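Student: The structure is given below, and queries will be raised subsequently.
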Amino acid sequence: MAPRLEVCGLTVELPTRAGWIGPVKDVSFELAAGETLGIVGESGSGKTMLALALMGLHPPGARRRGEAWLHRAAGNGGSGPGNRFDLLSAREREMRALRGREISMVFQEPMTALNPVLRVGTQIEEAIRVHRPDLARSEVRRHALEAMKHAAIPEPQRRARQYPHQLSGGLRQRAMIAIALAAGPSVLIADEPTTALDMTVQKQILDLLQALGGELKLSLLFITHDLGIVGQIADRVAVMYAGRIVEEGPAAKVLRHPRHPYTEGLIRAAPRLARERLESIPGAVPALDHLPPGCAFAPRCSHRVAECDARVPDLIRAAEDPENHRARCILMR
Ligand SMILES: Nc1ncnc2c1ncn2[C@@H]1O[C@H](COP(=O)(O)OP(=O)(O)O)[C@@H](O)[C@H]1O
Ligand code: SF4
Ligand SMILES: [Mg+2]
-12 MAPRLEVCGL TVELPTRAGW IGPVKDVSFE LAAGETLGIV GESGSGKTML ALALMGLHPP
48 GARRRGEAWL HRAAGNGGSG PGNRFDLLSA REREMRALRG REISMVFQEP MTALNPVLRV
108 GTQIEEAIRV HRPDLARSEV RRHALEAMKH AAIPEPQRRA RQYPHQLSGG LRQRAMIAIA
168 LAAGPSVLIA DEPTTALDMT VQKQILDLLQ ALGGELKLSL LFITHDLGIV GQIADRVAVM
228 YAGRIVEEGP AAKVLRHPRH PYTEGLIRAA PRLARERLES IPGAVPALDH LPPGCAFAPR
288 CSHRVAECDA RVPDLIRAAE DPENHRARCI LMR
C-alpha cells in the first residue's frame, strides 16, 4: 500500500542577511495510513519549518527542494495516479483546497491559532464550509458537532456557542483538533500540541490523538521536543538535529537501543526515560549560519574523532535491523 505522505530529500532554505540558511536539510520519510511518526529534537532543530513547508505555510522568500507527495485516501475520492498531490509544486489555490480536506495541522499555542472574536462553533463550521460550500446550514452544523465529538469536547452544543477565551487550555486545543479534523483529512500534523498544557491535560490530549489515529485511520505526524511523549504515542520516530534526520526507526527500538549519541543524550535528558540520574546534553544546538563542517553534533559529542569533522555522515542502516533503523553517525560502521 502506498504511504499517505512521502517525503524525499526535502530541503528548506531561508534568506538571511548572512546568506541562505537551511533549517531543513535532505529530510526523507514515509507515513503510512493510520501510522504515527514522532518527529523529535530540541528547540531550533527545524521541526516546525518542516511542518510548515509540507503545509505550504513556509515564510515568504523561503525556497524548497526535494519531493513531498500526499496520497489521497481511497475514501476521499478513489485511487489511481490522479490521487497523489505534489505538495512542493502545488499552487497556493491548490494548497488551499488540500489544507483541511486532505492534510491539517494543529499548532502549539491554540490561542494564537483560534480567532478570538468568533465563536468556536462558527470556526469549526467555517473549516467545513470552505471545502463543502454546497452543504446546507443544518448539514454543516451536524458535521461540526460530529467533529467536536471526535475531539471529545463535552457539551458540544454549549461549547460551540462560546468564544476561545471562555475555554480552558485543554478545551481550546480540543477545539483546534475539531477544526483540523472537521473536513475529514487523512493526515494530521500536530506541532507540539501539548507543550503549553499541564501534565494531566497533556495526557488526555495524547490519548485523544491516539484514539483518533485508530478510529479515523488518521496518519499522524507528531512533533515534540520531548522524547518521553514519543514513547507514548508514536509507532516510529525520526530524531532531528540542525535540520537533518540523525536517527530513524521504530519508536520502541530507538528508545531502548538508540544508535546516535544525540538520541542517547535526549534519552538521558528526558524525565520519563532516563534510567539513572537526569543529565542534560552539554552545549547548545549550533547556529545555522555557523554549522560545523562535518557532523553537526560533533561539538557536543563525547565520541568525536577527526573523521566526524571531515564530512556530514550518511544515514547508515543498523546491522541488526537494516530495513527499519538508521542513524547518521560514523559509529554505525
Ligand atoms: N522566518 C525565519 N527566518 C529565519 N530563520 C528562521 C525563521 N523561522 C525559523 N528560523 C530558524 O530555523 C531554525 C528551525 O526553526 P524551527 O523549525 O522553528 O525549529 P523547531 O520547531 O524544531 O524548534 C531555527 O534556527 C530558527 O531560528
Ligand atoms: S559522527 Fe562523530 S561526532 Fe557525530 S555523533 Fe557520531 S561519533 Fe559523534
Ligand atoms: Mg517548533
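For the sequence shown, our numbering assigns the number -12 to the initial residue and increments by one for each residue that follows. Even glycine gets a Cβ: it sits at the ideal position worked out from N, Cα and C. All figures in this text were calculated on a predicted structure; none of them were measured in a lab.
Can you tell me whether GLN160 is buried or exposed? The criterion is at least 16 other CB atoms within 10 Å of its CB, across all chains shown.
Tutor: Buried is the call here.
Student: Within 8 Å: the Cβ of ASP34 and any heavy atom of ligand 1?
Tutor: The amino acid at residue 34 is misidentified as Asp; the sequence shows Lys. Because some heavy atom of ligand 1 lies under 8 Å away, the Cβ of LYS34 counts as near it: yes.
Student: Please list, in chain order, all residues of the same chain as GLY6 whose beta carbon is under 8 Å from its beta carbon, the five residues on each side excluded.
Tutor: If we look at GLY6 and ignore the five residues flanking it on each side, its Cβ neighbours are ASP276.
Student: Using the Cα positions of PRO143 and LEU214, report the straight-line distance between them to the nearest angstrom.
Tutor: Rounded to the nearest angstrom, the two C-alpha atoms are 33 Å apart.
Student: Is the beta carbon of THR250 sitting closer than 9 Å to the one on VAL226?
Tutor: In this structure, VAL226 lies closer than 9 Å to THR250 by Cβ.
Student: For ALA297 and PRO280, what's the separation of their Cα atoms in angstroms?
Tutor: If I take the Cα positions, the gap works out to 7 Å.
Student: Given that a residue counts as buried once 16 or more other Cβ atoms are within 10 Å of its Cβ, and exposed if not, what is MET186?
Tutor: The residue in question, MET186, is exposed, as its Cβ has fewer than 16 Cβ neighbours within 10 Å.
Student: Would you say ALA167 and VAL107 are within 9 Å of each other, going by their C-beta atoms?
Tutor: Against a cut-off of 9 Å, the Cβ pair of VAL107 and ALA167 comes out as no contact.
Student: Please confirm whether any heavy atom of ligand 1 lies closer than 8 Å to the CB of MET227.
Tutor: Yes, the Cβ of MET227 comes within 8 Å of a heavy atom of ligand 1.
Student: Mapping the DSSP letters down to three states, classify HIS58 as helix, strand or coil.
Tutor: The answer is strand: DSSP assigns HIS58 an E or B state.
Student: Would you check whether ligand 1 has a heavy atom nearer than 8 Å to the C-beta of HIS212?
Tutor: At least one heavy atom of ligand 1 is nearer than 8 Å to the Cβ of HIS212, so yes.
Student: Run the CB neighbour count on GLN324, radius 10 Å, all protein chains shown included, and call it buried at 16 or more, exposed below.
Tutor: The first residue shown for the chain is -12 and the last is 320, placing residue 324 beyond what the model contains.
Student: Assign LEU57 to buried or exposed, taking buried as 16 or more other Cβ atoms, counted over all protein chains shown, within 10 Å of its Cβ.
Tutor: The residue in question, LEU57, is buried, as its Cβ has 16 or more Cβ neighbours within 10 Å.
Student: Entirely within the stretch 163 to 251 and at least 3 residues each: give me those beta strand (DSSP E) ranges in chain order.
Tutor: Complete beta strand (DSSP E) runs here, min 3: 174 to 178, 206 to 211, 223 to 228, 231 to 237.
Student: Quick one: Cα of VAL127 to Cα of ARG116, how far?
Tutor: Cα to Cα, VAL127 sits roughly 7 Å from ARG116.
Student: At a cut-off of 8 Å, is ILE8 close to ligand 1 when judged by its beta-carbon and the heavy atoms of the ligand?
Tutor: Checking every heavy atom of ligand 1 against the Cβ of ILE8, one is found closer than 8 Å.
Student: Identify the continuous beta strand (DSSP E) that holds ILE26 and give its terminal residues.
Tutor: Segment 23 to 27, the beta strand (DSSP E) holding ILE26.
Student: Quick check on SER30: does DSSP put it in helix, strand or coil?
Tutor: Coil at SER30, not helix or strand.
Student: According to the neighbour-count rule (16 or more other Cβ atoms, all chains shown, within 10 Å of its Cβ), is HIS118 buried or exposed?
Tutor: Classification for HIS118: buried.
Student: Can you grab the Cα-Cα spacing for the pair SER267 / ILE254, in whole Å?
Tutor: For SER267 and ILE254, the distance between alpha carbons rounds to 9 Å.
Student: Could you check where the alpha helix (DSSP H) with LEU85 kicks off and where it finishes?
Tutor: Residues 79 to 85.
Student: In the structure shown, what three-state DSSP assignment does GLY157 receive?
Tutor: Here GLY157 sits in helix by DSSP.
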